[in-house]
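S.K.: Each number in the numbering used here corresponds to the 1-based position in the sequence shown with 18 added.
Quick reminder that beta carbons are idealized off the backbone N, C-alpha and C, glycines included.
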Amino acid sequence: MTAQVIENISALSSAPNGVEALRGLIREMAIRGRLLVQCPQDGIAPQGYPSVQGPFPIPETWRWVALGTALEMVNGRAFKPTDWKSSGLPIVRIQNLNRETAEFNYADPDDVQPRHIIDSGTLLISWSGTPGTSFGAFIWNRGKAALNQHIFSCEQRAPAYFDRFLQLAINTRLDELIAKAHGGVGLQHVTKGKLEALALALPPLPEQHRIVAKVDELMALCDRLEARQQDAEAAHERLVKVLLDGLTRARDAEELRDCWARVAGQFQVLFTTDDSVDALKQAILQVGCSGHLTVPVGALAAESSARYMAASTSVEAPFKAPLGWQWAKLGDLCTLITSGSRGWKAFYADQGSTFIRSQDIKADRLEFDQRAYVALPANAEGARTQVKQHDLLITITGANVGKAAILIESLEDAYVSQHVALVRLRDSSQAAYIHRWLINSYGGRRLLLASSYGAKPGLNLQNIKDLPVPLPPAEEQQQIVSKLDELLTLCDRLKARIAAARAKQAQLAEVLVRAAAG
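Printed below as a string of structure tokens:
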């Protein structure tokens, strides 16, 4: 490998998908003759095949040959379900090449022609399937078997290739093969003629063995780098959890300050990934919604909380609220909790009223990646499902269930779909604080998901109405929201810094790979 790559291997391997990029670089350099220094003792490439034009330069002692002149390829048999038996010869299908745990179908050995029988050591090329998962060269190592269609069994016309180098040479050119594939988005295939025309590099046979040995050595290094990264990531995740648990379990303001000091002292080490920053966000939300971020407002607390409904005293409290706080059911604080009308999908239009779907509600906000519109159907009950400023929106079905957004700005003409609950508070000044409770994975979101039903996660409107909410006095709610927003903005800046560093790493990795591949 080039000295530049070796010097920067740490930066390359730590880039996003860096180890996989390193593996690709090793394979690419191997088939270009740049992985090892050529040895005169290796001689020259085997003769006997016509030379062809190759796609990139190779050493002078190598040659380009067409795959079809080096290999005789025989397609497998199109076994039908009626041919399957409960025992006999295992039938090798593409899934058996991709996954050793895939189950076999079986065939009667007497019904299979010799040309469709393979054994350990046979080179196979799958030429049909899904790009990225099905195409490729394999060396079969699981004994005598029958070969299914869409796979070629290959035999060298002369002993020019070490089989493992041949496998490497084919698989490193897969992108070129897949670009020539026919078929739809799912199932595609490469014709035998295009496979036979593929130009393959042919080094001297001793050099092929040396290259494969070096590739094995470097792939083992990649495995160690990957394992080391995984161990480091796991240790990092445990460390983040331990320190953030200290924050969320703090019993009073003094203990919280001590825990925060420990976290702040390790900020640059702890929060280096998106996941760690997300964990920090949730810890901040939990601390804020449990009353540890603000100073109690003293005598005003009891007086302010008294205006909440008396029914709230019957709520089962998930934790002990601070003095002056009160638990209430979300439904008792609302004038409306509803979901959208069914059947509006038929009224989708290129313009018209904004239609808010579950996919428009991200982790904590409303964001339209691709805004949907409806032509409001005649006689529709639009008034009930039309959103207003300060409304809360909660997804109630699908994988996105339990996400919550607040309508900060007014949408003049917008309606929720049947997969979104619309929550309208009696006192809109509480919306910002209650939204923070709803997006708290330790708080409102956890309680909502715990009440979801069925095999597929889902919420009904009663789940939302019964949700317990810890209510501070109005003044303290404002303090909490202000402090939370300050800290969550810090988290967003951390994420932006991480993204910038990741982009720089990826750019460096791309430059190194491009320079090394030449």
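Any chance the stretch 402 to 415 sits against the stretch 370 to 389, with 3 or more Cβ pairs inside 8 angstroms?
M.R.: Judged by Cβ distances under 8 angstroms, the stretch 402 to 415 makes contact with the stretch 370 to 389, as three or more pairs qualify.
S.K.: Is the stretch 152 to 161 touching the stretch 78 to 91, taking contact as three or more C-beta pairs under 8 angstroms?
M.R.: No, the stretch 152 to 161 does not touch the stretch 78 to 91.
S.K.: In angstroms, rounded to a whole number, what distance separates the CA positions of Leu512 and Gly461?
M.R.: Translated into the one-based positions of the sequence shown, residue 512 becomes position 494. Translated into the one-based positions of the sequence shown, residue 461 becomes position 443. The straight-line gap from Cα to Cα measures roughly 24 angstroms.
S.K.: Provide the residue span of the alpha helix (DSSP H) that contains Asn114, from first to last.
M.R.: Here residue 114 refers to the residue found at position 96 of the sequence shown. Counting along the chain, the alpha helix (DSSP H) containing Asn114 begins and ends at 112 to 116.
S.K.: Assess contact between the stretch 420 to 432 and the stretch 366 to 373, defined as three or more Cβ pairs (one per stretch) separated by less than 8 angstroms. Is contact present?
M.R.: Yes, the stretch 420 to 432 is in contact with the stretch 366 to 373.
S.K.: Could you check the C-alpha separation between Ser359 and Ala396 for me, to the nearest Å?
M.R.: Working through the sequence shown from its first residue, we reach residue 359 at position 341. Working through the sequence shown from its first residue, we reach residue 396 at position 378. Answer to the nearest angstrom: the Cα atoms are 13 angstroms apart.
S.K.: Identify the residues that DSSP records as bridge partners of Tyr154: which are they?
M.R.: Start at 1 with the first residue of the sequence shown, and residue 154 comes out as number 136. Per the sequence shown, the amino acid found at residue 154 is Gly instead of Tyr. According to DSSP, which records beta bridges pairwise, Gly154 is partnered with Ser144.
S.K.: Between which two residues does the alpha helix (DSSP H) carrying Ala245 extend?
M.R.: As a working note, residue 245 is residue 227 in the sequence shown. That run of the alpha helix (DSSP H) goes 223 to 266.
S.K.: In this structure, does DSSP put Lys406 in helix, strand or coil?
M.R.: The sequence position of residue 406 within the sequence shown is 388, counting from 1. DSSP places Lys406 in coil when its eight states are reduced to three.
S.K.: Between Asp270, Val230, Thr353, Ala245, which has its C-alpha nearest Lys406's C-alpha?
M.R.: Along the sequence shown, one-based indexing puts residue 406 at 388. That would be Thr353, whose Cα lies nearest to the Cα of Lys406.
S.K.: Can you tell me whether DSSP reads Val295 as helix, strand or coil?
M.R.: The residue you call residue 295 lines up with position 277 of the sequence shown. Note: Val295 maps to helix in three-state DSSP.
S.K.: Would you please state the rounded distance, in angstroms, between the beta carbons of Glu173 and Glu90? I believe it to be under 8 angstroms.
M.R.: Counting from one through the sequence shown, the residue named residue 173 turns up at place 155. Counting from one through the sequence shown, the residue named residue 90 turns up at place 72. About 5 angstroms separates the two Cβ atoms, so the contact holds.
S.K.: From Val499 to Thr290, what does the alpha carbon distance come to, in whole angstroms?
M.R.: The count along the sequence shown starts at 1 and reaches residue 499 at position 481. The count along the sequence shown starts at 1 and reaches residue 290 at position 272. So the alpha carbons of these two residues sit roughly 26 angstroms apart.
S.K.: Helix, strand or coil: how does DSSP classify Glu494 here?
M.R.: Counting from one through the sequence shown, the residue named residue 494 turns up at place 476. Looking at Glu494 - three-state DSSP - the assignment turns out to be helix.
S.K.: In whole angstroms, what separates the C-alpha of Asp234 from that of Ser69?
M.R.: Looking up residue 234 in the sequence shown gives position 216. Looking up residue 69 in the sequence shown gives position 51. Distance between the alpha carbons of Asp234 and Ser69 is about 29 angstroms.
S.K.: Count the other CB atoms, across all protein chains shown, that sit within 10 Å of the CB of Ala517; report buried if there are 16 or more and exposed otherwise.
M.R.: Residue mapping note: residue 517 aligns to position 499 of the sequence shown, counting from 1. The residue in question, Ala517, is exposed, as its Cβ has fewer than 16 Cβ neighbours within 10 Å.
S.K.: Can you give the beta carbon distance from Leu288 to Leu261, rounded, assuming they're within the 8 angstroms contact cut?
M.R.: Within the sequence shown, numbered from 1, the residue matching residue 288 stands at position 270. Within the sequence shown, numbered from 1, the residue matching residue 261 stands at position 243. The pair is a contact, with the Cβ atoms about 7 angstroms apart (cut-off 8 angstroms).
S.K.: Give the C-beta separation of Asn159 and Ser146 to the nearest angstrom, bearing in mind that I take them to be a contact with Cβ-Cβ under 8 angstroms.
M.R.: For the purposes of this step, residue 159 is taken as the residue at position 141 of the sequence shown. For the purposes of this step, residue 146 is taken as the residue at position 128 of the sequence shown. In fact, because the Cβ distance is near 22 angstroms, the residues do not count as touching under 8 angstroms.
S.K.: Would you check if the distance between the CB atom of Gly342 and the CB atom of Pro491 is smaller than 9 angstroms?
M.R.: As a first step, residue 342 must be located in the sequence shown, where it is residue number 324. As a first step, residue 491 must be located in the sequence shown, where it is residue number 473. Closer than 9 angstroms, so yes.
S.K.: In the DSSP assignment, find the alpha helix (DSSP H) that holds Arg463 and state where it starts and stops.
M.R.: One-based indexing of the sequence shown puts residue 463 at position 445. It spans 462 to 468 - the alpha helix (DSSP H) in which Arg463 sits, taken as one unbroken run.
S.K.: Anyone know if the C-beta pair for Leu526 and Leu303 falls short of 9 angstroms?
M.R.: Locating residue 526 in the sequence shown gives position 508, counting from the first residue. Locating residue 303 in the sequence shown gives position 285, counting from the first residue. Not closer than 9 angstroms, so no.
S.K.: Suppose contacts are defined by Cβ-Cβ distances below 9 angstroms. Is Arg464 in contact with Cys307 by that definition?
M.R.: Indexing the sequence shown from 1 puts residue 464 at position 446. Indexing the sequence shown from 1 puts residue 307 at position 289. Not a contact, by the Cβ cut-off of 9 angstroms.
S.K.: Exposed or buried, Asn123, counting other C-beta atoms within 10 Å across all chains shown (16 or more means buried)?
M.R.: Locating residue 123 in the sequence shown gives position 105, counting from the first residue. It is buried - the Cβ of Asn123 has at least 16 other Cβ atoms within 10 Å.
S.K.: So for Gln612, helix, strand or coil by DSSP?
M.R.: Because residue 612 is not part of the residues shown, which for the chain are 19 to 536, the question remains open.
S.K.: Helix, strand or coil, according to DSSP, for Ser308 in the structure here?
M.R.: The residue labelled residue 308 in the question sits at position 290 within the sequence shown. Ser308 falls in the coil class under three-state DSSP.
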